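Student:
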Amino acid sequence: MSGPASVHPDRVRAALDPRLSDALAARLLACERLRGRIDARLGRDGAPVDPDHAWLLADPDAAARRAGAVLHGRALRSVLAGPAVAALVAAIGRDAHAFGLRHGAHVPPRDDRGDLAAAILADGHACLGAWLERSPERLRRAVLLALPLGTPAENVPLDPTLIELAPDIMALVADESREIADA
Numbered sequence: 040m041s042g043p044a045s046v047h048p049d050r051v052r053a054a055l056d057p058r059l060s061d062a063l064a065a066r067l068l069a070c071e072r073l074r075g076r077i078d079a080r081l082g083r084d085g086a087p088v089d090p091d092h093a094w095l096l097a098d099p100d101a102a103a104r105r106a107g108a109v110l111h112g113r114a115l116r117s118v119l120a121g122p123a124v125a126a127l128v129a130a131i132g133r134d135a136h137a138f139g140l141r142h143g144a145h146v147p148p149r150d151d152r153g154d155l156a157a158a159i160l161a162d163g164h165a166c167l168g169a170w171l172e173r174s175p176e177r178l179r180r181a182v183l184l185a186l187p188l189g190t191p192a193e194n195v196p197l198d199p200t201l202i203e204l205a206p207d208i209m210a211l212v213a214d215e216s217r218e219i220a221d222a
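Heads up, the final residue of the sequence shown is numbered 222 in the numbering used here, and it's a clean run with no missing numbers.
As structure tokens, then:
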């Protein structure tokens, strides 16, 4: 499951040259002749990741947004004004918003630090990172390569609350992602 599309352009720029455009990074990753050398610079061994995690590798950022929406589901339910809901949906996506409304009522409330959308994004990536800490190293590496540099998924030490909640939240995200893929 590791292919050229599964590497964020920021990772390619960091490994090769910060001046590369997204299009050129994608072309370099697609080049068979260069793949081995680029994989070595990125720390990839080229071995496939377990196909059970295809849902995550397809769009780890979306998985993180859904996890964050669950973590802040109670706060999502309190946003009722049309313009505020529209701004929130624009920031996190319609799918993540709906997912958080469906599944977030049973998660203890979290501090959004005055910016719900930013808290959803940051805490979602941190939740993904907490879940990845207990995952195989090959999966962790593949997911982090698919995300931009510096997301909270890479942060250590981890929030103890997220370490506790991450397995259940990511299981919800996985189940829905697989259902969507099977539909």
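Just so you know, even glycine gets a beta-carbon here, dropped at the ideal spot from N, CA and C.
Predicted model, so just to flag it, every value in this text is computed and none were measured.
Start and end of the alpha helix (DSSP H) containing Asp49?
Tutor: 48-54
Student: DSSP state of Ala120, grouped into three classes?
Tutor: coil
Student: Determine contact between the segment 58-70 and the segment 182-198, defined as no fewer than three beta-carbon pairs at a distance below 8 Å.
Tutor: no
Student: Per DSSP, what kind of secondary structure is Thr200 in: helix, strand or coil?
Tutor: helix
Student: Counting only runs of 4+ residues fully inside the segment 151-177, write out the alpha helix (DSSP H) ranges in chain order.
Tutor: 155-172
Student: Rounded to the nearest angstrom, what separates Arg105 and Arg83 at their Cα positions?
Tutor: 27 Å
Student: Go ahead and label Ile219 buried or exposed: buried means 16 or more other beta carbons lie within 10 angstroms of its beta carbon, across all protein chains shown.
Tutor: exposed
Student: Return helix, strand or coil for Val212, following the three-state DSSP convention.
Tutor: helix
Student: If Leu110 and Arg149 are in contact, beta carbons under 8 Å, what's the gap, nearest whole angstrom?
Tutor: The C-beta separation of Leu110 from Arg149 comes to about 6 Å, placing the pair in contact by the 8 Å criterion.
Student: Out of Cys70, Pro122, Phe138, Trp94, which one is the CA nearest neighbour of Asp221?
Tutor: Trp94
Student: Rounded to the nearest angstrom, what separates Val51 and Leu81 at their Cα positions?
Tutor: Between Val51 and Leu81, the C-alpha separation is close to 7 Å.
Student: Flag this pair as yes or no: are the beta carbons of Gly107 and Cys166 separated by less than 9 Å?
Tutor: yes
Student: Please name the residue in Asp162, Gly139, Leu55 whose C-alpha comes closest to that of Arg74.
Tutor: Leu55
Student: Which value, in whole angstroms, describes the spacing of the CA atoms of Glu152 and Ala158?
Tutor: The sequence given here has Arg at residue 152, not Glu. Arg152 and Ala158: Cα-Cα distance of roughly 7 Å.
Student: DSSP on Gly107, reduced to helix/strand/coil?
Tutor: helix
Student: Ordered along the chain, which non-local residues of its own chain (more than five positions away) have a Cβ less than 6 Å from that of His142?
Tutor: Val109, Leu211
Student: Is the beta carbon of Asp49 closer than 9 Å to that of Leu188?
Tutor: yes
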